[in-house]
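Its first residue numbered 0, the sequence shown is counted upward by one per residue in numbering that gives the first Met the number 0.
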Amino acid sequence: MLILRVSGDVDMATAPRLQRDLDLPLPACAVLDLSRVTFLGAAGLQVLEAATGRAQLEHRRIGLVATSSVLRLLRLFALHVRLPVYPRLSDAVREITLRFPARNPESFS
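Right under this line is the structure:
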């Protein structure tokens with residue numbers, strides 16, 4: 000499982016870096032910890048939307064850790080429907096691990 004911690008502003012200036020990180024090959028399960036994000040702009044939302052679509056196409060699971068202010072934005076754009084959102088990192092890791100246990104690579108053939 001990959002845990003990617005994001006902090007500060009996620010806007011037009013910083014979203015490309017997050018996009019590059021999410022464009023790397025991801026494991027079957029990943030958690031994006033947005034609990035230290037102070038601003039999430041449209042560019043950041045687009046990155047999350049793209050990551051969600053890619054994860055679904057690749058049958059991978061992504062969970063988010065978000066504060067109430069970030070969660071409000073996720074709800075406005077219905078991203079919370081496609082991505083499970085948790086209040087704490089420990090909750091996200093536990094739930095993603097329980098709900099989506101590691102799979103045997105041969106099961107994908």
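Where a beta carbon is used, it is the ideal one built from N, C-alpha and C, also for glycine. From a predicted model like this one, the values you see are computed outputs, not experimental measurements.
Taking the Cα positions, E48 is about 13 Å away from G62.
For the options T66, R81, S34, L70, the alpha carbon positioned closest to that of Q55 is the one of R81. In its chain, beyond the 5 residues on either side, V9, A14 have a beta carbon closer than 6 Å to the beta carbon of G43. DSSP places R98 within a helical segment (H, G or I) once states are collapsed to three. By the CB criterion at 8 Å, Y85 and A91 fall inside the cutoff.
In the three-state reduction of the DSSP assignment, L78 falls in the helix class, which pools H, G and I. For R60 and L73, the gap between their C-alpha atoms comes out near 17 Å.
When beta bridges are read from the DSSP output, A29 appears opposite L1, I61. C-alpha of L21 to C-alpha of L97: approximately 23 Å in a straight line.
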